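Enquirer:
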Amino acid sequence: MKYVDVGGQVSQRQIWPFAMAFLGGHGMIAAWCELRGDFRHFRADRVRALADGGERYPSRRPLLIQRWRAATGHGVGC
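Pasting the structure below:
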């Protein structure tokens with residue numbers, strides 16, 4: 817994924833998206849980011865290019881969601 821951050825910096829990232837939502841007036845993508853080695857949230861309007869790398873998730877999607885919830889506290893207690 818080619819992504820532009822709030823400061824206008826462009827980065828190339830390999831991500832493993834597992835959820836999309838509409839928050840604060842913006843489409844958001846929740847994903848594991850290989851560049852940062854952590855979960856990240858990306859604004860969909862800042863994505864400049866996407867490509868299918870032909871690889872599968874490194875783990876099952878439910879496991880990624882479980883790890884994301886534990887790491888961020890999102891969705892805990894819902």
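For reference, each letter of the sequence shown is one residue, going 817 to 894 in the working numbering.
Idealized CB from N, CA, C, for every residue including glycine.
These figures come from a predicted structure and were not determined experimentally.
Please name the residue or residues paired with V822 in a DSSP beta bridge.
Expert: Taking the sequence shown and counting its residues from 1, the one referred to as residue 822 is at position 6. BP columns for V822 are empty, so no partner.
Enquirer: Taking the alpha carbon of G841 as the point to measure from, which residue in A860, Q882, F834, L880 has its own alpha carbon closest?
Expert: Counting from one through the sequence shown, the residue named residue 841 turns up at place 25. Among A860, Q882, F834, L880, the Cα nearest to that of G841 belongs to A860.
Enquirer: Tell me whether L880 is buried or exposed, calling it buried when 16 or more other Cβ atoms sit within 10 Å of its Cβ.
Expert: To locate residue 880, count along the sequence shown from 1; it is residue 64. So L880 counts as buried.
Enquirer: Please list, in chain order, all residues of the same chain as C894 whose beta carbon is under 7 Å from its beta carbon, the five residues on each side excluded.
Expert: Locating residue 894 in the sequence shown gives position 78, counting from the first residue. At C894, the pLDDT of 45 sits below 50, so the modelled position is not reliable and the matter cannot be decided from this model.
Enquirer: Following the continuous alpha helix (DSSP H) through A860, name the residue where it begins and the one where it ends.
Expert: Taking the sequence shown and counting its residues from 1, one reaches residue 860 at position 44. Looking at the DSSP string, A860 is not in any alpha helix (DSSP H), and its letter there is neither H nor E.
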